[in-house]
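Heads up: the structure comes next, in structure tokens.
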DNA sequence: TACCAGGTGGGAA
DNA sequence: TTCCCACATGGT
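Residue numbers (our numbering): 521 to 735.
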């Protein structure tokens, strides 16, 4: 089944996922930039469940302010304590702080190239694409662990990050909402059904499977 | 108890 | 270039 049809099937099944969740009321009240929350969240969510990221974001909000400025001006030991629920807190605190020293605000990232973003501390391919797509509305498809599994099982396609990224970007319409929703839908589907130990018996899309489940 | 989660970066081969 | 491993908390 072509990617576009898989997207339609997932969308009809689960509806819009509304990524990336940001509390606009909070930012209006504080006068902070919601894009900075997305970027901070993108770094904190690395190899961590979103629930734990929400805990860390709440800790930051309660103690100070969800902004680059707060991260930059806070002592590293305090940052470690606030983001502890996300795991890997030593390296995440260090990289987050370095990132916010390098870029004083989200405004400085508005026109950054993907290549430049990849040079920033704590930013690999997935984080860079998440930032570009969800914070800056740039057409850059995000590939993650779930996507590798999903596209192999449903389309028999394997490859490295950039190969899969090209596949999605070639086959999908150049539509921001499709990019944002498709990535979120794949994650949702993979989290509940297309797990590493798959739950095919309960999966509504099992008839779309193309290959085995050895991924 | 063991595995997995909205990965990255450094070092060895 | 590619592969392997450390990084760490919290849920199932």
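The beta-carbon is built from N, C-alpha and C at its ideal position, and this holds for glycine as well.
Could you give the DSSP three-state label for residue 570: helix, strand or coil?
-> Position 50 of the first chain, counting from 1, holds the residue named residue 570. Note: residue 570 maps to helix in three-state DSSP.
Three-state class that DSSP yields for residue 542 in the structure shown = Within the first chain, numbered from 1, the residue matching residue 542 stands at position 22. The answer is coil: DSSP assigns residue 542 none of H, G, I, E or B.
Option in 689, 664, 693 and 670 with minimal Cα separation from residue 728 = As a first step, residue 728 is located in the first chain; it is residue number 208 there, counting from the start. With distances taken between Cα atoms, residue 728 lies closest to 670.
Contact check, residue 705 vs residue 537, beta carbons under 8 Å | As a working note, residue 705 is residue 185 in the first chain. As a working note, residue 537 is residue 17 in the first chain. Yes, Cβ-Cβ distance for residue 705 and residue 537 is below 8 Å.
Under the three-state DSSP convention, the category residue 723 falls into = Here residue 723 refers to the residue found at position 203 when the first chain is read from its first residue. Reduced to three states, the DSSP call for residue 723 is coil.
CB contact flag (residue 644, residue 563, <8 Å) | Your numbering for residue 644 matches position 124 in the first chain. Your numbering for residue 563 matches position 43 in the first chain. Pairing residue 644 with residue 563 gives a Cβ-Cβ distance that is not under 8 Å.
Residue 643 - DSSP class collapsed to helix/strand/coil = Taking the first residue of the first chain as 1, we reach residue 643 at position 123. Three-state result, residue 643: coil.
Between the segment 625–640 and the segment 603–612, do at least 3 Cβ pairs fall closer than 8 Å?
-> With the cut-off at 8 Å, the segment 625–640 and the segment 603–612 do not touch.
Nearest to residue 617 by alpha carbon, out of 630, 593, 679 and 677?
-> Within the first chain, residue 617 is the residue found at index 97, counting from 1. With respect to the C-alpha of residue 617, the residue from 630, 593, 679 and 677 having the closest C-alpha is 593.
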